[in-house]
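The structure appears below as structure tokens.
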Amino acid sequence: MNLIDAFARQPKSWMLMEALLYLAGVVFLDLVTTWQFSMFVFYSIPVFLIALHFPRRMGIGFAFFVAAAALLANLDSIPRRGMAGFAWAGVNRTTAYLFVAACGISIQNVRQEMRQRMQVLEHAQELEREIISVGEREQMRIGQDLHDGVCQTLAALDCAAQCLKLDLETEGSPRAKLAGDIQKRPLRGDARGAQPGPRDLSRLDQGRRPGPRPARTGHDDQDALPHPHRLRK
């Protein structure tokens, strides 16, 4: 197949010129030899190559042309074969060359179909890679949205719970430990991400002792701690 591929990589005009030169050489060889020696195989080679690399009509027309050239090269066999035998040999040769051209055309169709299938397969693989790339970009976008939204919300809840715990510890409430547990649950809980509900916050609210708040210095920043009803909102 290397010779055929090398022949196919040439321009179409070069292919046709080389086929005609080869045919001229075969005709000359057929003229100088006696009619007992058949040159059918040598005539068939250019027919097959032209039918393989040229359009269908070109291959069939070249098969008829080669058959006519072979008949002209064997005119000297008429006295020995007779006109009927010569005509019958011409019909047989023409049919054989058309069969060779049909084989070349069939192989050309199969190669074109395989080439189209390869193109469709490459296109499908390209679409698959594009789908995978789009999925990865969408996954990264969702992860970024979660990082910018949900994670920051959880961090804010953790900070609010910690402030509430400090506020309860300052007041001496026995519910300070419960506030610490609530602080750990949103960010360090199980995979379901259990979060404190209204009942837990109401328990914390009930645990606050009424009365005056202890005196604080101006350097104490505990005045900015949120009240439990803010967290409940």
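Take -13 as the starting number for the sequence shown in the working numbering and just add one per residue. The beta-carbon is built from N, C-alpha and C at its ideal position, and this holds for glycine as well. Computed from a predicted structure; not experimentally measured.
For the pair of segments examined, the segment 0 to 8 was found to touch the segment 34 to 49: the number of CB pairs separated by less than 8 Å reaches three. For PHE72, the CB contacts under 7 Å within the same chain, skipping 5 residues up- and downstream, are SER63 and ILE64 in chain order. Relative to the Cα of ALA(-8), the nearest Cα in the group ALA88, HIS39, GLY158 and ALA54 belongs to HIS39. By the C-beta density criterion, PHE34 is buried, having at least 16 other C-beta atoms within 10 angstroms.
With a cut-off of 8 Å on Cβ pairs, the segment 112 to 130 is not in contact with the segment 94 to 101, counting fewer than three such pairs.
Straight across, the Cα-Cα distance linking ASP131 with ALA147 is about 24 Å. Its Cα nearest to that of ALA59, the residue VAL13 stands out among GLN102, CYS89 and VAL13. The criterion of a C-beta distance shorter than 8 Å is satisfied by VAL52 and TYR83.
Within the same chain, GLY76 come within 6 Å of LEU57 by CB-CB distance, once the 5 residues on both sides are set aside. Apart from the 5 residues on each side of it in sequence, ILE91 sits with its Cβ closer than 7 Å to the Cβ of ALA37, ARG42 and GLY45 in its chain, given in chain order. Fully enclosed alpha helix (DSSP H) runs of no fewer than 4 residues occupy 136 to 157 of the segment 113 to 164, in order along the chain.
Assigned with DSSP and collapsed to three states, SER63 falls in helix. Taking 8 Å as the cut-off, the Cβ atoms of SER30 and VAL86 count as close.
Of all alpha-carbon atoms in GLU155, ASP16 and HIS109, the one lying nearest the alpha-carbon of ALA55 is that of ASP16. Going by beta carbons, ARG79 and PHE26 fall inside the 8 Å limit.
The alpha-carbon separation between MET69 and TYR8 amounts to approximately 28 Å.
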